[in-house]
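Visitor:
Residue numbers (full-length UniProt numbering), protein chains in the order written: chain A, 1 to 596; chain B, 1 to 596.
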């Protein structure tokens, strides 16, 4: 087993050079946020992650959360004390706003910290993530009374939160939600069955606050008839103490491929008189409230792709540096990292991990600008860009994580297939990330539909113009520092993305099915190019620092090599992806159902 | 759960149109082999596969083989009766030569039959595969006495066989084998520890015949000092009855990601006086004997990639045709197969499965020609082509299987992550196939080293010339039937492979590490192009049959669409792969170990 070491140098470099940390720290109200403080926070988080969270991951996977007759769920071994310490030391509350009891740090900083939890244990990290999403939804949409009753304990982690969307007959199609809510005095009686409820039941916290989508008696059909209700596991008395058990129960948990430490509950609401629930937001406006959680969750699942990939990379690297086997071809390397193909796999993992980090941190930085830049004319385009990139962060990072965690197993050879080695755990955990919070297909449909074609491509065009300007500048100015090759490669990627974009915009009105047939390849192409742009910017910064005589020359030179590797091995796929987008739909839609 | 239906129509079409079934049936000594007989064999095998083998797969995965104190292993539930029926009905013996008690059928036919076992249960099928490999090694290299004692029972499946290569310190590096064999009268005393021994211990058969690599006392170092020994679990008396327990034991079995029904044993030889073993072949020539097994096994593992992919495709297709969810965009499709992205995933799976089958069957057909064509000037190039394609069948098919089984999970959405759905089983089982019998990296090194550069590229050049001729002809002749587009696409693939080949040949002497850094992308490129060629040939045959007014027009038209889909979605990756081979090595080898 390898041990986790947070890649602090890489993280800080990406936060500064593409996340815009300095500019965010210079925003009004951020006077207390210095680079030193950020570094100190990251160092403390790294200690907690490596010392507390990483060690519970493999044992938690092996045993998993356990369901008992009587509808209780025991958390995986070791989770209890670590969760308690996580709350007591303030890490649980950290990402929340100051007025809610959190640290009020920029999203960029809490993103880097969250990456560490996700690296060390996806299963464990999901509990906080779901609670945080529920906190956001309540903070934005609930009454003052509900906020006062629930938020302080949820932010602190004393109570946790869930998101109850999916029903057996309604997976991603929320229009088909059937759960009901009937008014009764100041509250409602909620009934229905929900599945795939992450951390829906467990014994880590005193109470669990379920946010539940259901229909009021007078609700119109479809997604415009869904309302959001808060149903606590234990009802809360006026003095804040816990009262009676609500009429809801976890009737089973799923037996899954991965994230065994995260209980995935089947929740039954209203087997008796109906679960008492409180309306959040306006009647029939539940979807809007839920989107507050979902956008947060989508960026966070993208970050899971990064986190689990970083961990799989560290695990494979440790093995490749230690395991001696056969005669190596790379001078100076005695272990299997000296075999060119093992080196290729590790470089591929490293390049994709750094590309994911650049994309996730960039988007987090844009979110901070969108939220609190003093100039509204800056905030608006940043917000549009975040909306454009949300499905890309989610879809692209999680797809890259499939390859990275797969390679992590492959580097181990036969040992990779043995569970005790630990490499397969990351592959199994990563497998959910392209599915939950909307599959890659759903992200891609959002990207080509709502985020591209329905707004005429303005937001992507603005981004493409920025990429083209940067690439052109690098070609011109890079000759001196020898980085013009990066500009050339980037320009090719930009052209491929631009071509595919024109094709989709021209095709959408007449052939929507053809556009959606190319949606996932388009999402991958977008991710390849935008992340490539950010890696090139990191390389440009590294070249400048090298020219200025910076001390960490090995680190900076590696940034240049890694960017070039990405160009040669990943960005080289762009022409193929463009071809699939532009010419692939005919055969995708070419067979009848019976011909499959 | 879906049920398996062997794709007999597809199988027979590929056997005839690219496997060369008619020509093989016309070989001398094959007078009894008619198309009707082949079809009848396949139909019977399909019944046994679907009725007996498929149903034990999921329960066998859930419980797995179990090791007990006392060094016994209980096979997974249901395996016992099915194995017995498998032997009694002659399916176990079927692939062997007539003189050994088998059916003496062409490899092409036994390949199609084996595909079915692999589709229905990789774990179960491994027992026969290992035994068959041991039978081949014994038949080629052992004394008449040993052959007479062991082969009849092994062919019948009454006794099973294993391959004992790997040791804890020697994974793929057989030069590091340390197990010892000391002469004692007419036999040897063997001692050492072997790991990853597939079906190394179980209760399905009366005896287990271990083929073990070990060193004689006077052995030179390295791979030239390894000899092969036969060590039976129970010693065999002169009358063929079973005698004393030999000094060998299964000290544990592995806890693996997949193939739970296949016990992967740690074998300890000679904890007492040493296991009695009999030398197979000449002293120090064990590697050559083992290669007889390994080449057989490599083609078979490639076939596993096909088999598990076909099954994953059938499983996903059944779900996509049944599950109703959301508003579909494809006219006439009410279930999720009407969502363009789900359709894209299924088309991708279908196209890759058919491409794998074409490649595996083509190679099996070449093996038959190499073995028994009447003309030696035909046999020799066929043998060279089989040797060239063996690492491609193994490496490329198993890599495609990763994507296909992954998509199989993705098509199921959230249900795919739940073990009871069964889709994840195929992903977990498939994961071993790029590792055992030599990782993809090892296959690729064999391809670019021994099979390409060290022989100056003659065999691949001959193949490329054939592809180019076919492509050029199709461009010229295909205009009438509207299939010239397939010729154009193929030509592009051939050019990419040709360019990459020239690069490797020119680079090998001066920069072997750079060549091996591009080995896996080159193997993928080779597989893409050669399998694409065969799909195009299938399409060409389909077009001709359509023009002749064949009855199964829907099936034949689907062959054309599938080939075109492969061209647009898979062959379009070739230019990117060529770029990686030609320009990717510099950064792959660009960092020091410390910079990772």
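Using N, Cα and C, we set each Cβ at its ideal position, and we do this for glycine too. All values reported here derive from a predicted model rather than from experimental measurement.
#1: When you compare each of 260/B, 134/B, 307/B, 25/B to residue 49/B by their alpha carbons, which one comes out closest?
#2: Mind pulling the chain B residues with CB within less than 8 Å of residue 565/A?
#3: With 16 as the cutoff for other CB atoms within 10 Å, does residue 300/B come out buried or exposed?
#4: Could you confirm whether any beta carbon from chain B is found closer than 8 Å to the beta carbon of residue 73/A?
#5: Can you name the start and end residues of the alpha helix (DSSP H) that residue 574/B belongs to?
#6: Among residues of its own chain, excluding the 5 on either side of residue 313/A, which ones have a beta-carbon nearer than 8 Å to its beta-carbon?
#7: Anything in chain B within Cβ reach of residue 329/A, meaning under 8 Å, just list it in chain order.
#8: Specify the secondary structure class of residue 129/B as computed by DSSP and reduced to three states.
#9: How about residue 420/A: is its C-beta nearer than 8 Å to some C-beta of chain B?
#10: Contact defined as beta carbons within less than 8 Å: I believe residue 157/A pairs with residue 210/A. What is the distance between those atoms, to the nearest angstrom?
#11: Note down the Cα distance separating residue 63/A from residue 35/A, rounded to an integer number of angstroms.
#12: Which stretch, first to last residue, makes up the alpha helix (DSSP H) that contains residue 291/B?
#13: Taking 8 Å as the threshold (C-beta atoms), are residue 422/A and residue 439/B in contact?
#14: Is it the case that the Cβ atoms of residue 122/A and residue 304/A are separated by a distance below 8 Å?
#15: Just to confirm, is the Cβ distance from residue 194/A to residue 212/A under 8 Å?
#16: Which residues in chain A sit within 8 Å of residue 255/B, going by Cβ to Cβ distance?
#17: Which partner residues does residue 214/A have in the DSSP bridge list?
#18: Between the Cα of residue 61/A and the Cα atoms of 302/A, 590/A, 78/A, which residue gives the shortest distance?
#19: Taking the DSSP output, what are the residues bridged to residue 141/A?
#20: On the DSSP letters alone, give me the boundaries of the beta strand (DSSP E) that residue 184/B sits inside.
#21: Using only alpha-carbon positions, find the residue among 527/A, 355/A, 362/A, 560/A that is nearest to residue 543/A.
#22: Determine, using beta carbons only, whether residue 613/B and residue 364/B come nearer to each other than 8 Å.
#23: Relative to the alpha-carbon of residue 298/A, which residue among 217/A, 389/A, 280/A has its alpha-carbon at the smallest distance?
#24: Just curious, the alpha helix (DSSP H) that residue 67/B is in, first and last residue?
#25: How is the alpha helix (DSSP H) around residue 41/A delimited, first residue to last?
#26: Considering only DSSP beta bridges, list what residue 252/B is partnered with.
#27: Assign residue 79/B to one of three DSSP states: helix, strand, or coil.
#28: Alpha carbon to alpha carbon, how far is residue 527/A from residue 399/A?
#29: Buried or exposed: which applies to residue 37/A, given that a residue is buried once 16 or more other Cβ atoms fall within 10 Å of its Cβ?
#30: Going by C-alpha to C-alpha distance, which of 102/A, 134/A, 208/A, 428/A sits closest to residue 88/A?
#31: Cβ of residue 39/B within 8 Å of Cβ of residue 538/B?
#32: Return the CA-CA distance between residue 442/B and residue 174/B, expressed in angstroms with no decimal places.
#33: Are the C-beta atoms of residue 391/A and some chain B residue less than 8 Å apart?
#34: Taking 7 Å as the limit between beta carbons, can you name the residues of its chain near residue 481/B, skipping five residues before and five after?
#35: Within the 8 Å Cβ cut-off, does residue 533/A reach chain B?
#36: Any contact between the segment 561-572 of chain A and the segment 501-520 of chain A? By contact I mean 3 or more CB pairs, one from each, below 8 Å.
Guide: Straight from the coordinates:
#1: The candidate whose alpha carbon is nearest that of residue 49/B is 307/B.
#2: Using a Cβ-Cβ cut-off of 8 Å, residue 565/A is close to 584, 587, 588, 590 of chain B, given in chain order.
#3: Only buried fits residue 300/B, as 16 or more other CB atoms lie within 10 angstroms of its CB.
#4: No, residue 73/A lies away from the interface with chain B (no Cβ there is under 8 Å from its Cβ).
#5: Residue 574/B -> alpha helix (DSSP H) spans 574-583.
#6: So the qualifying residues of the chain are 346, 349, 350, 353, 404, 408.
#7: What residue 329/A touches in chain B: 512, 513, 516.
#8: Assigned with DSSP and collapsed to three states, residue 129/B falls in helix.
#9: Cβ-Cβ to chain B under 8 Å: yes for residue 420/A.
#10: The pair is not a contact, with the Cβ atoms about 16 Å apart (cut-off 8 Å).
#11: Looking at the backbone, the Cα of residue 63/A and that of residue 35/A are separated by about 41 Å.
#12: Counting along the chain, the alpha helix (DSSP H) containing residue 291/B begins and ends at 286-322.
#13: It is not a contact, given that the beta carbons lie outside the stated cut-off.
#14: Yes. Within cutoff.
#15: Note that the C-beta distance between residue 194/A and residue 212/A is below 8 Å.
#16: Under the 8 Å cutoff, chain A gives 418, 419, 420.
#17: Looking at the DSSP assignment, residue 214/A forms a beta bridge with 227/A.
#18: Among 302/A, 590/A, 78/A, the Cα nearest to that of residue 61/A belongs to 78/A.
#19: DSSP lists no partner for residue 141/A.
#20: Residue 184/B -> beta strand (DSSP E) spans 180-184.
#21: Considering only alpha carbons, the answer is 560/A.
#22: Any answer about residue 613/B is impossible in this case: the structure gives chain B only from 1 up to 596.
#23: Among 217/A, 389/A, 280/A, the Cα nearest to that of residue 298/A is on 389/A.
#24: Note, residue 67/B: premise wrong, no alpha helix (DSSP H); beta strand (DSSP E) at 66-68.
#25: That run of the alpha helix (DSSP H) goes 35-48.
#26: In the DSSP assignment, residue 252/B forms a beta bridge with 266/B.
#27: Secondary structure at residue 79/B: helix, using DSSP grouped into helix, strand and coil.
#28: About 10 Å.
#29: Looking at its Cβ environment, which holds fewer than 16 other Cβ atoms inside 10 Å, residue 37/A is exposed.
#30: Nearest of 102/A, 134/A, 208/A, 428/A to residue 88/A, Cα basis: 102/A.
#31: Not in contact: residue 39/B and residue 538/B (Cβ atoms no closer than 8 Å).
#32: If you take the alpha carbons of residue 442/B and residue 174/B, they lie about 13 Å apart.
#33: Residue contact with chain B for residue 391/A: absent (no Cβ-Cβ distance below 8 Å to any residue of chain B).
#34: Leaving aside the five residues that flank residue 481/B on each side, the residues in its chain whose CB is nearer than 7 Å to its CB run, in chain order, 543, 547.
#35: False, the Cβ-Cβ gap to chain B never drops below 8 Å.
#36: These segments do not touch.
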